[in-house]
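Residue numbers (my numbering): 7 to 275.
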Ligand code: NAI
């Protein structure tokens, strides 16, 4: 069902890699709700070719940008200005840890890899907003979102240095959110999403157990990528104009549950 919540709105969606990606689902829903947007991803991800199918379906242009490169981002935002004038929303759905990929233990992190992952997963959010801010590309009452995970607040050992990256990402949302609100009433938030079966998600060691545990703890069960996309649409719509500088849990109640009956029963056996 579509409500026309984003009719006339323009945006940029970063991070759709394949059909499992959260950003992919966000793009589909934003299209259904009447938005026009550019799809962006790292050039290497675009070369994999899957994004073209989504672009066709959503009538969107694909523009490559390494989100850690100010030069690439400047070119992307210039293209957005040429196409749309100003824009109303940005989704940053980007994450990668080299230490996670290469199975390096948290207590023995490789710091070059840490810096790379930090730049891709957290600082790139600052870079995206910095370029948008300096180019004055956001319409008043626009909305910018990043995606986070509860490992920013609580320890999940195998989430490794991504936990620290997410804490940094959430902090950037608060601080930049202040300045963007002052500049032209743009809101900046992160959505803290349940474990989700995607390329980035399943790269975490023991992801299946992780996923099932969260599902058993959460009274409403894990939130899916589609449900996350619904939440993003609401955050891009005019129905959430005064929500800013928040980390918003979208996790079926996980973050506020100590233990659930389902988990208790497993221990009572
Ligand atoms: P995904 O693997 O589909 O998306 C990650 C995206 O980051 C990919 O499209 C990848 O190409 C892009 N990317 C990596 N390096 C880049 C760079 N240098 N420049 C531009 N783009 C780059 O996985 P998913 O799960 O959809 O991830 C999206 C966001 O959601 C990430 O921030 C992730 O940490 C977050 N998240 C994911 C959860 C999960 O369990 N899957 C849970 C909570 C948050």
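The beta-carbon is built from N, C-alpha and C at its ideal position, and this holds for glycine as well.
Collapsed DSSP secondary structure at residue i in the structure displayed
| i | result |
| --- | --- |
| residue 171 | helix |
| residue 255 | strand |
| residue 100 | coil |
| residue 108 | coil |
| residue 246 | helix |
| residue 47 | strand |
| residue 267 | helix |
| residue 352 | In the structure as shown, the chain starts at 7 and stops at 275, and residue 352 therefore has no counterpart that could be examined. |
| residue 42 | strand |
| residue 67 | strand |
| residue 216 | helix |
| residue 95 | strand |
| residue 180 | helix |
| residue 32 | helix |
| residue 126 | helix |
| residue 194 | strand |
| residue 272 | helix |
| residue 237 | helix |
| residue 27 | coil |
| residue 262 | helix |
| residue 89 | helix |
| residue 11 | coil |
| residue 230 | coil |
| residue 225 | coil |
| residue 73 | coil |
| residue 113 | helix |
| residue 81 | helix |
| residue 162 | coil |
| residue 211 | coil |
N- and C-terminal bounds of the beta strand (DSSP E) containing residue i
| i | result |
| --- | --- |
| residue 148 | 144-154 |
| residue 16 | 16-20 |
Assumed close pair residue i, residue j - CB separation to whole angstroms, cut-off 8 Å
| i | j | result |
| --- | --- | --- |
| residue 3 | residue 258 | There is simply no residue 3 to check, as the chain begins at 7 and stops at 275 in what is shown. |
| residue 197 | residue 151 | 6 Å |
| residue 169 | residue 158 | 6 Å |
| residue 193 | residue 250 | 4 Å |
| residue 106 | residue 209 | 6 Å |
| residue 65 | residue 57 | Not a contact, Cβ separation roughly 14 Å. |
| residue 155 | residue 199 | 7 Å |
| residue 266 | residue 201 | No, residue 266 and residue 201 are not in contact; Cβ-Cβ is about 16 Å, not under 8 Å. |
| residue 204 | residue 27 | 6 Å |
| residue 22 | residue 45 | 6 Å |
Residue interval of the alpha helix (DSSP H) (run including residue i)
| i | result |
| --- | --- |
| residue 207 | 205-208 |
| residue 56 | Note, residue 56: premise wrong, no alpha helix (DSSP H); not H, not E. |
| residue 136 | 130-140 |
Exercise. Given 8 Å as the limit, is there contact between the segment 228-240 and the segment 51-69, that is, 3 or more CB pairs closer than that?
Worked result: no
For this session: Please confirm if the segment 87-103 is in contact with the segment 7-24, defined as three or more CB-CB distances below 8 Å between the two stretches.
Result: yes
Exercise. Within the chosen definition, does the segment 171-185 reach the segment 126-134 through at least 3 CB pairs nearer than 8 Å?
Worked result: yes
Exercise. At a cut of 8 Å, does the segment 161-168 reach the segment 130-149 through at least three beta carbon pairs?
Worked result: Verdict: no, contact absent.
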